[in-house]
Ligand SMILES: CC(C)(COP(=O)(O)OP(=O)(O)OC[C@H]1O[C@@H](n2cnc3c(N)ncnc32)[C@H](O)[C@@H]1OP(=O)(O)O)[C@@H](O)C(=O)NCCC(=O)NCCS
């Protein structure tokens, strides 16, 4: 049996890894809360190793303005540096998409950091359009996947 477990998380359980991996200038508490974190339909998933959260991703009901059928948004996806390239990001996305499919979700999009584009491409997400700046976070591109076929 794998030592890693896919699971649902409370929003607050994602905050330490958000700070550690994504937003190092923030304290790993309330400062890492997204305004949408506890809205209806928002799902936080994680991978745990012996209880410790080592990967996170939050899925938010939000249709992309230019991709009408793609109606969930992935935010704050991260794997702890000590656990990279072990398949945990894939495990999290695949587990989450299974759950979202069962909820009749059509697709998922994200503003992806340039450094992560290869990860999404490897998972067969589309990498689309021009690069754009996200303040403080650098260059990003739109990535998305349909899950309704
Ligand atoms: C991007 C990130 C979440 C990937 O997590 P991970 O757990 O290391 O990913 P996995 O091990 O599941 O990788 C799945 C596949 O993608 C590939 N991959 C992972 N990261 C990659 C990258 N940055 N570039 C290219 N390919 C990548 C892996 O080699 C693997 O390929 P395989 O299936 O052929 O073996 C992680 O690197 C991370 O947290 N980065 C910093 C934060 C970040 O950029 N988050 C995304 C914000 S949009």
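Numbering (the numbering used here), first residue to last: 9 to 157.
Virtual Cβ for every residue (Gly too), placed ideally from N, Cα, C.
Source: prediction; values computed, not measured.
Helix, strand or coil, according to DSSP, for residue 117 in the structure here?
The sequence position of residue 117 within the chain shown is 109, counting from 1. Reduced to three states, the DSSP call for residue 117 is strand.
Whose C-beta lies closer than 7 Å to the C-beta of residue 113 among residues of the same chain, with five residues either side of it excluded?
Start at 1 with the first residue of the chain shown, and residue 113 comes out as number 105. Cβ within range, chain order: 79, 80, 155.
Under the three-state reduction of DSSP, which class applies to residue 56: helix, strand or coil?
Indexing the chain shown from 1 puts residue 56 at position 48. Looking at residue 56 - three-state DSSP - the assignment turns out to be strand.
Continuous beta strand (DSSP E) assignments of at least 3 residues falling wholly in the segment 66–137
Counting only runs of 3 or more, we get 80–87, 115–121.
Rounded straight-line distance, which links the Cα of residue 17 to that of residue 49
Taking the chain shown and counting its residues from 1, the one referred to as residue 49 is at position 41. Taking the chain shown and counting its residues from 1, the one referred to as residue 17 is at position 9. Rounded to whole angstroms, residue 49 and residue 17 show a C-alpha spacing of 13 Å.
In chain order, what residues of the same chain lie with their CB nearer than 6 Å to the CB of residue 24, ignoring the 5 residues before and after it?
Along the chain shown, one-based indexing puts residue 24 at 16. If we look at residue 24 and ignore the five residues flanking it on each side, its Cβ neighbours are 36.
Under the criterion of a Cβ to heavy atom distance below 7 Å, does residue 27 qualify as lining ligand 1?
Position 19 of the chain shown holds residue 27. Result no, Cβ not under 7 Å from ligand 1.
Within its chain, find whatever has a CB closer than 8 Å to the CB of residue 108; leave out the 5 residues flanking it on each side and keep chain order.
Within the chain shown, residue 108 is the residue found at index 100, counting from 1. Once the five neighbours on either side are set aside, the close Cβ partners of residue 108 are 51, 67, 80, 116, 155.
Euclidean distance between Cα positions of residue 157 and residue 102
Position 149 of the chain shown, counted from the first residue, corresponds to residue 157. Position 94 of the chain shown, counted from the first residue, corresponds to residue 102. Approximately 15 Å, taken between the alpha carbons.
Please list the terminal residues of the continuous alpha helix (DSSP H) segment that includes residue 31.
Counting from 1 along the chain shown, the entry for residue 31 is found at position 23. Premise fails: residue 31 is in no alpha helix (DSSP H) and is neither H nor E.
Under the DSSP definition of a beta bridge, which residues are partnered with residue 152?
By 1-based counting over the chain shown, the position of residue 152 is 144. Note: residue 152 is bridge-paired with 117, 134 in the DSSP secondary-structure output.
Are residue 91 and residue 54 close, meaning C-beta to C-beta below 8 Å?
Taking the first residue of the chain shown as position 1, residue 91 is located at position 83. Taking the first residue of the chain shown as position 1, residue 54 is located at position 46. Taking 8 Å as the Cβ cut-off, residue 91 and residue 54 do not qualify as a contacting pair.
Expressed to the nearest angstrom, what Euclidean distance is found between the alpha-carbon atoms of residue 20 and residue 38?
Position 12 of the chain shown, counted from the start, is the residue given in the question as residue 20. Position 30 of the chain shown, counted from the start, is the residue given in the question as residue 38. In a straight line, the C-alpha of residue 20 is about 8 Å away from that of residue 38.
Less than 7 Å between C-beta atoms, sequence neighbours within five positions excluded: which residues of the same chain meet that for residue 31?
Against the chain shown, residue 31 aligns to sequence position 23. Here the set comprises 40.
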